[in-house]
Every structure is written in structure tokens, then in C-alpha cells.
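Enquirer: Quick one: the structure is below, questions incoming.
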């Protein structure tokens, strides 16, 4: 938290070079979206709800209508995406694990 009573001699003086010429850095998109979806809005029924809850309800409603993209989005959020097999071998051949041997350096003693 900022000091409520900063020393006057250390404060920025009008007309002098800005201590922060580029201004406040932009927030990452994740932070911007998180802040927005946490906000409360008044629905048509007069009830206050968080935006994130309304989005979730709308996505589920679309899934119930048969929208497979909406269904997959809901399933991915609830169950996680299915594991995709990845072939880390050379054309189906098994790659042998590497062995790491730690050797102490006697020169430091």
C-alpha cells in the first residue's frame, strides 16, 4: 500500500521528467477478464449475478440445445480435456531413457 503521507522532498515535481514515462503497464488479458467476470450485474428479473455465472448458464443452455462446441467447452471445464497421446519415439521405436550420473568435483576442496 502506498504511503498516505509521503515526504514532500521525494515527490515528483510538476515540469520535471516523469519517473514513469511509459505509464502504468497494461494488465495481462487474464487479469482483465478475471476482473470483468467478477462484476455483478442486474439481470432482467432484477436479480444481481456475477457475469461469470451468467456466462456459464448461457454456455450450458447452448449445450442443451445440441451445440456440440458448447458441450465440449462445458465438458472441458468440468472434466478437463481428454489426454492426447503423443508419440515421443522415433517412428514407433522406443527411445531409451537417458541416465544422469552426478560426479563430485574434487577441485573445489
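In UniProt numbering, the protein residues as written are 1 to 109. Positions of the beta carbon are idealized from the N, C-alpha and C atoms, including for glycine.
Using only the alpha-carbon positions, how far apart do residue 76 and residue 82 sit?
Expert: Spanning the two alpha carbons is a distance of roughly 8 Å.
Enquirer: In whole angstroms, what separates the C-alpha of residue 9 from that of residue 105?
Expert: So the alpha carbons of these two residues sit roughly 54 Å apart.
Enquirer: Can we say the region 52–71 touches the region 35–43, given the rule of at least three CB pairs closer than 8 Å?
Expert: A contact exists between the region 52–71 and the region 35–43.
Enquirer: Contact check, residue 19 vs residue 29 under 8 Å by CB: the rounded distance?
Expert: Wrong, their Cβ atoms sit about 27 Å apart, outside the cutoff.
Enquirer: State yes or no: is the C-beta of residue 63 within less than 9 Å of the C-beta of residue 71?
Expert: Cβ distance < 9 Å, so residue 63 and residue 71 count as in contact.
Enquirer: Identify whether residue 93 lies in helix, strand or coil by the three-state DSSP scheme.
Expert: Three-state DSSP puts residue 93 in a strand.
Enquirer: With which residues is residue 42 paired in a DSSP beta bridge?
Expert: Beta-bridge pairing links residue 42 to 48.
Enquirer: Please classify residue 86: does DSSP put it in a helix, a strand, or coil?
Expert: Three-state result, residue 86: coil.
Enquirer: Measure the CB-CB distance between residue 88 and residue 98 and report whether it falls below 9 Å.
Expert: No. Outside cutoff.
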